[in-house]
Structures are given as C-alpha cells and as structure tokens.
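Visitor:
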Amino acid sequence: MTGPVPATLTLATPLGPSEVGSAVAVPSARPAFPALLQANAVQFGPGERFGFSRVESRMVAWCRAGQGEVWVNGVRYALTPGVLLVLPWGHRICYAAADVDPFLMLGVHLVPQHDEGHPVEPSVPHDPLHPHAGCGWRRDGEPFLGGHVLATTADAAPGLAQLSAYAVEVWRRGTPSESLVRALGTMLAGELTELASRRDVAPAAGPDPFGAAPDELQRVLAYVENHLADRLTVTVLAEVGGCSGATLSRRFVAHFRRSPMEWVLEQRIERARGLLRATPLTVAQVAHRSGFVDANYFSRVFRERTGQPPTVWRRRQRLL
C-alpha cells in the first residue's frame, strides 16, 4: 500500500443501482426471517490484501484497530479505529491493510430474508461459485440502506458495535444454533433499520482508486478485470487502450509503478486468492479461472508471491 491513509471518510452521493448488484429488495409474500449467518474477526498482516467478487449479505465491516483501506464496488474508503461501514447486498470488496499498524477487522453478515422450510446453514457466499450463491430462498429484504454504503462509528452506533462484537464471540465458540442465528438476525435487522432512519448518518463514498488515471488506462483496467481468464498480452491491452505497446507500458509505470503484465499477474494472484478462500474449486480449477494455463506454474508463482503453496495457504485462511 502506498501513501498515507486518510483519517476520515468523505460523504458523497449514493452509488447507482448498476454498481451494487441486487441492491433493491423485491417484496416477497413467502414466510421468511432475518438470519445472521456469519461473523468473524481477522487480524491482517502488514500490507496484506484480498478481496471477494460478490458477497450476498448486508455486511457490517468494523475496523477495531489499526488502519487500511477497502474498496467496495470500485469505491475507496479509508478505515481507522472505530469506523463502521454497512455494505449493500451483492457487494464486491477488496481489503488492503496498511504497511504499518495493519487493521483488525470484524465482519458480520445478515441475510434479511431467509425463507422458512429451508435449512439454515451458517455461511455466506463470497463468490458466484458458492453453492448458495443466487439461491431464491436467501434474499435482501427491507432495503434498510438502499444500495448505499453507510459510514458511522462505534461511538455513534454503540448498539450495532456491541451486537457485532457479541456475534463474533458467538462464532468464535463454534457454530451457533438456528434459534440463536434467528435471534441475532432479528436484532441486527433492528439495529440497521434504526441506523437508516437517523439523520446524522449519510451515504459514504470515497474517491475512485484509479480516478487520476487517464481514460485509456481506465479502459485497460476494466478489461483486465473482466478478462483475467483470457490470454492477455501488451499488444491486446494496447489495442484496448488505443495506443502503442510502448506508450501503454510508459503510462503504467508512470501511474502504477509497474509494467502492464506485472499488473495483470498481480490481479490474477488476487483472483486466485479470492477463489481459494471462498470456493471449493480445486487448485487446477482456480488456476484456470485466474488465467493460468498450467496448474504447476500457477502453484510456483503463487508460492513465490505468498510464501506458501496454494493448498497450505487455503487451509490457513478465514472468510471475513
């Protein structure tokens, strides 16, 4: 991570529906209940970063200590101790801990509508390949916050903070009972409803992490994100950016201090980390979906970048 981490969040206009997945609830007559299906705490290492492509929950992300940044649906937020973010259903997120004093993050996940008659399984999809991703019996419910990310603090929302800490402690002790999952879900839904009704809480937004990059680089970055599994070369990316390969390389070094293909490799490793964390895919399948033709080569590069083989790294990870 480069540069200082801002101490405050900037309040701005809410995100549009196209940025937040299924952010607006669809009314349902089916009997359903709120369920708190996952809670965890993760102490990040210096400069550690990882992300998830689609998280199907209303998530409370709380920075308990340290500092860092998160990107939610492409928008950057600086986190310092005590900051709480409430994230929309279907959000895309990337965590980036500071190089010095990396953050301790708590994550609590609410499914606002869980249909009766289906087993209550305490897990939340963090990737479209999860077995429950997109299932019809887990849904966003009352659109407490619409498609916005809301920012508050533990001091300003003590009930939400205390409930989040308690939920993490419950999960630390083991898988909770269905009755407790339901009770916690009802309480968290109440806290979020109360939070959304307050006038001192506003939609939060931060600057686009690549806002200073010219349009041609923006196009290249978006293309890389959407085509990581494809064969990518400097020639292909230069065509996307409408410039020569030499010009593209100079612009990448100027803006990101790395070459285009080094950037691509970083994004592929990041994608692989997310798949290893959030899906049951084999290492070979992860390699293929991340753009590596050869699984052995992927394993070697992954170990060089993380210090561990993919299988060992996966066993030591926890979802947030």
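Sequential numbering from 336 applies to the sequence shown in the numbering used here. Where a beta carbon is used, it is the ideal one built from N, C-alpha and C, also for glycine. A quick note: this is a predicted structure, and the numbers were derived from the prediction, not measured.
Hey, could you find the ends of the beta strand (DSSP E) residue 385 is sitting in?
Guide: 384-390 is the extent of the beta strand (DSSP E) around residue 385.
Visitor: Between residue 559 and residue 620, is the Cβ-Cβ spacing less than 7 Å?
Guide: No. Outside cutoff.
Visitor: How long is the line joining the alpha carbons of residue 431 and residue 380, rounded to whole angstroms?
Guide: Approximately 10 Å between the Cα atoms of the pair.
Visitor: Using 8 Å as the Cβ pair cut-off and three pairs as the minimum, do the segment 421-436 and the segment 449-457 touch?
Guide: As far as the Cβ criterion goes, the segment 421-436 does not touch the segment 449-457, which means the pair count is below three.
Visitor: Under DSSP, the beta strand (DSSP E) around residue 408 begins and ends at which residues?
Guide: Note, residue 408: premise wrong, no beta strand (DSSP E); not H, not E.
Visitor: Can you tell me where the beta strand (DSSP E) with residue 436 in it begins and where it stops?
Guide: Neither: residue 436 is in no beta strand (DSSP E) and is coded neither H nor E.
Visitor: Which whole-angstrom value describes the C-beta separation of residue 375 and residue 442, a residue pair presumed to lie in contact below a C-beta threshold of 8 Å?
Guide: The pair is a contact, with the Cβ atoms about 5 Å apart (cut-off 8 Å).
Visitor: Among 563, 614, 388 and 582, which has the Cα closest to the Cα of residue 570?
Guide: The candidate whose alpha carbon is nearest that of residue 570 is 582.
Visitor: Please tell me whether residue 485 and residue 407 are closer than 7 Å, where the distance is taken between their beta carbons.
Guide: Taking 7 Å as the Cβ cut-off, residue 485 and residue 407 do not qualify as a contacting pair.
Visitor: Report the three-state DSSP secondary structure of residue 426 (helix, strand or coil).
Guide: Correct three-state label for residue 426: strand.
Visitor: Excluding five sequence neighbours on each side, which residues of the same chain lie with their C-beta closer than 7 Å to the C-beta of residue 402?
Guide: Result list for residue 402: 340, 414, 415, 433, 436 and 438, in chain order.
Visitor: Between the Cα of residue 409 and the Cα atoms of 429, 394, 612 and 424, which residue gives the shortest distance?
Guide: For the residues 429, 394, 612 and 424, the minimum Cα distance to residue 409 belongs to 429.
Visitor: Rounded to whole angstroms, what's the CA-CA distance from residue 426 to residue 388? Just pull it up for me.
Guide: Looking at the two C-alpha atoms, the distance is approximately 8 Å.
Visitor: Alpha carbon to alpha carbon, how far is residue 515 from residue 366? Give it in angstroms, no decimals.
Guide: Each residue's alpha carbon lies about 19 Å from the other.
Visitor: If the criterion is Cβ atoms closer than 7 Å, does the pair residue 368 and residue 473 meet it?
Guide: In this structure, residue 473 does not lie closer than 7 Å to residue 368 by Cβ.
Visitor: Which residues does DSSP list as the beta-bridge partners of residue 487?
Guide: Partner(s): 419.
Visitor: Residue 545 by DSSP, collapsed to three states: which one?
Guide: Its pLDDT being 44, under 50, residue 545 is placed unreliably by the model, and the measurement read from it follows with that caveat. Residue state, collapsed to three classes: coil.
Visitor: In this structure, what does DSSP give as the bridge partners for residue 377?
Guide: Answer is 440, bridged to residue 377.
Visitor: For residue 475, does the three-state DSSP call read helix, strand or coil?
Guide: DSSP places residue 475 in coil when its eight states are reduced to three.
Visitor: Using DSSP with H/G/I as helix, E/B as strand and the rest coil, what is residue 455?
Guide: Reduced to three states, the DSSP call for residue 455 is coil.
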